[in-house]
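Numbering (the working numbering), first residue to last: 13 to 571.
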Amino acid sequence: MMVVRLRACCAGDGRVAKSCVPAEGIVTLMGSTIEWEQNNRMRFRADTTRLPIAMIVLCAVSVVVLGPVIVPMAGGLWSGRDAFEIRSMRVLGVTVGVAVMIGFLATMLAWFPACVMAGGRGRWSGLLLVPVLMPPYLAYSGYGLVRDPSWMVGDMLTRLAVSGHAWVTIGVGRGLAIVGLAMWAWPIAALMLRPSLVRVGAAVDDAMRLEAGGLRRAREKLRMHAAGVAGATGAVSLVMLGSALPLHLAQVETLAIDLWRRLSEAASVDWDKIWVGAWPLFGAALVGGAAIALWVGMQHRDHREDDPTPARVSRVAKVLAVVVWGASVLVPLGLFAASIRHWSSIGRFWMLSGEAVGHGAIVAAIDAGAAVLIGGAMACAIGTGRGVWARRWVIAVLSVWIVAALVPGVLIGSALARVGVGHGIAGDVLVVIGHLVRFGCVAALAGCVVGWSEPRDRRDLRWLDGAAGVRGWWLASLPWQLPVLIGAAAVVGLMGFHEIEATMMVQSPGRGNLAQQILGYLHFSRLEELSAAAAWLIGGGLVLSGVASVAIWGSRRGI
């Protein structure tokens with residue numbers, strides 16, 4: 013063991029001079045341990061006796077946000093543990109089957125957009141992420157407008173229902189809910205597929221073009237990307253297990269919808285047994301959240317600058333990616349606009365919902381501000397932490413955020429409602445906490461990605477230069493990480509603005525409750541009001557989500 017001084021041993025290019033260290037061994041520098049190999053490469057080994065301040069802040073933020081949900085939920089599950097049972101195998105089977113079906117369909121839709129994201133380095137590739145930032149009911153309710161009797165398809169369905177074939181109308185609605193959710197969720201699948209497509213690169217793709225026919229090439233691609241396809245399908249399926257609104261409108265009896273109905277009918281003192289009945293969803297969230305967090309950590313275990321050359325994206329793939337994107341966003345928006353019979357409804361929307369929109373925008377801005385803190389704390393914890401235990405701690409915290417996001421929104425809202433009743437907490441505070449519990453994982457994931465994507469050489473030089481603490485991270489790393497963190501925060505704000513399930517459980521009814529108004533339009537088929545609201549909310553959200561997506565994608569540094 014030998015102690016060396018930084019300025020005495022650093023070469024002009026930032027490397028440590030060979031004369032300062034042995035050919036192989038260990039030295040101590042600036043309070044950190046450095047291992048030297050025979051090729052004079054450097055690897056930090058953390059001083060695990062000291063917990064970084066950023067890690068403490070990250071844990072504190074996580075406890076403040078997630079605690080109001082975890083504590084009452086854990087207490088309720090323990091109190092109602094005697095009611096542990098499988099309520100209905102049929103409902104459980106439908107829940108899993110529908111979720112897997114949506115996951116597989118979303119993965120199929122995501123293939124060509126994922127190819128564009130993996131092969132293109134352009135700033136506009138981020139626009140492919142826009143559909144998931146829209147309301148989950150966008151595609152379902154947009155395409156559902158054609159079921160109105162004023163449309164040819166709707167007139168045909170009405171005649172079938174009158175003639176005793178109502179099952180056709182019901183089947184169309186349920187199929188539309190499944191397809192609509194797949195159109196909303198395929199960007200999640202595309203993000204899961206992208207690493208697999210990037211790893212293959214252009215060299216393998218060119219070799220296959222020379223030596224294999226079209227069918228064999230497709231079969232080999234499927235084999236090479238089988239893990240990515242399975243992961244994408246599984247991730248979307250986990251999200252869909254807790255999805256309630258479109259399936260609720262289509263009368264698909266899933267476990268999440270059954271829970272929503274029972275929670276609405278029962279008094280809050282009886283919610284414990286209902287929470288226990290959700291144990292399959294809690295179990296899936298725990299396993300899935302841990303698996304996704306470990307997967308994210310593995311993708312950024314050792315960030316490299318020499319990634320494979322991106323595979324070439326064919327013109328057909330680009331066209332099909334645009335078609336999928338347009339069918340998911342532009343076509344439903346166009347159907348909403350075409351369904352407005354009186355253009356005065358556009359202005360009347362602000363008379364009826366202006367107060368609710370303003371209130372929702374304020375809540376969304378608070379969501380975004382808190383999300384910047386969450387993402388920044390995660391990135392700072394990674395940037396100032398060293399060693400395997402620091403990494404494991406970050407992955408553990410990330411897994412908690414993902415698990416919370418996978419829990420159905422009605423369960424999150426009911427837990428917060430119980431806290432609010434017992435402690436007199438204002439509804440708006442509970443709404444913000446509910447949004448952060450449901451979507452804070454987006455900011456946490458963004459913080460992890462930018463933190464782990466810092467090139468190892470740059471991080472090592474920062475540590476050698478004494479910028480190992482929070483101040484060093486603030487000055488050296490935050491400037492290029494901030495655009496991604498702000499973009500992710502905007503995503504959290506948009507998702508919170510469109511959130512309905514948890515908001516309905518904690519916010520008081522009235523003109524200031526946008527979620528209640530939109531749910532009423534959807535329930536009672538008030539198509540004129542729904543179309544006008546969608547034209548404003550989705551059109552404006554499309555612009556904001558596009559800016560956020562472009563900021564995230566265009567500002568990434570080796571992500």
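Note that beta-carbon positions come from the ideal geometry of N, C-alpha and C, so glycine has one too.
- Taken atom to atom, the span from the alpha-carbon of residue 193 to that of residue 404 is near 34 Å.
- With respect to residue 84, residue 430 sits close: the two C-beta atoms are nearer than 7 Å.
- In this chain, the alpha helix (DSSP H) harbouring residue 388 covers 356-396.
- Counting other Cβ atoms within 10 Å of its Cβ, residue 299 stays below 16 and is therefore classed as exposed.
- The Cβ-Cβ distance between residue 154 and residue 160 does not fall below 7 Å.
- Closest in alpha carbon position to residue 190, among 123, 116, 178, 211, is 116.
- Between the alpha carbons of residue 66 and residue 306 lies a distance of about 21 Å.
- Residue range 238-253 is occupied by the alpha helix (DSSP H) that includes residue 252.
- When rounded, the separation of the alpha-carbon atoms in residue 195 and residue 340 is 5 Å.
- A check of alpha carbon separations from residue 557 across 539, 146, 375 identifies 146 as the nearest.
- Buried is the label assigned to residue 333, since at least 16 other Cβ atoms lie within 10 Å of its Cβ.
- Only buried fits residue 493, as 16 or more other CB atoms lie within 10 angstroms of its CB.
- CA-CA distance, residue 144 to residue 542, rounds to 20 Å.
- Annotation: residue 486 to residue 203 spans about 28 Å, alpha carbon to alpha carbon.
- Three or more beta-carbon pairs drawn from the segment 452-463 and the segment 503-517 are found closer than 8 Å, and the two stretches are therefore classed as touching.
- For residue 394, the number of other beta carbons within 10 angstroms of its own is at least 16, and it is reported as buried.
- Residue 352 carries a coil assignment under DSSP once its states are collapsed to helix, strand and coil.
- The Cβ atoms of residue 201 and residue 244 lie closer than 7 Å to each other.
- Taking 8 Å as the upper bound for CB-CB distance, residue 122 and residue 205 are in contact here, some 6 Å apart.
- Here residue 517 is buried. Its C-beta has 16 or more other C-beta atoms within 10 Å.
- Nearest neighbour of residue 197 by Cα position, chosen from 172, 101, 113, turns out to be 113.
- If you draw a straight line from the Cα of residue 388 to the Cα of residue 87, it comes to about 31 Å.
- Counting only the Cα atoms, residue 100 lies some 14 Å from residue 288.
- Put simply, the backbone Cα of residue 72 is about 11 Å away from that of residue 409.
- One Cα belongs to residue 378, the other to residue 519, and the distance between them is close to 16 Å.
- In the assembly as shown, residue 535 is an exposed residue. Its beta-carbon has fewer than 16 other beta-carbons within 10 Å.
- In the three-state DSSP reduction, residue 530 falls in the helix class (H, G or I).
- By the neighbour-count criterion, in which 16 or more other beta carbons inside 10 Å mark a residue as buried, residue 278 falls on the exposed side.
- Within the same chain, and ignoring the five residues on either side of residue 384 in sequence, the residues whose Cβ sits closer than 6 Å to its Cβ are 497, 501.
- Under the DSSP assignment, residue 513 falls in the alpha helix (DSSP H) whose first and last residues are 513-518.
- An exposed status is given to residue 356, since fewer than 16 other beta-carbon atoms sit within 10 Å of its beta-carbon.
- The shortest CA-to-CA distance from residue 78 to any of 545, 442, 481 is the one to 442.
- About 32 Å separates the beta carbons of residue 421 and residue 238, which is beyond the 8 Å limit, so they are not a contact pair.
- CA-to-CA, the gap between residue 426 and residue 280 works out to about 8 Å.
- If you ignore the 5 residues before and after residue 365, its C-beta comes within less than 7 Å of the C-beta of 526, 529, 545, all in its own chain and listed in chain order.
- Per the coordinates, the alpha-carbon of residue 295 lies some 10 Å from the alpha-carbon of residue 419.
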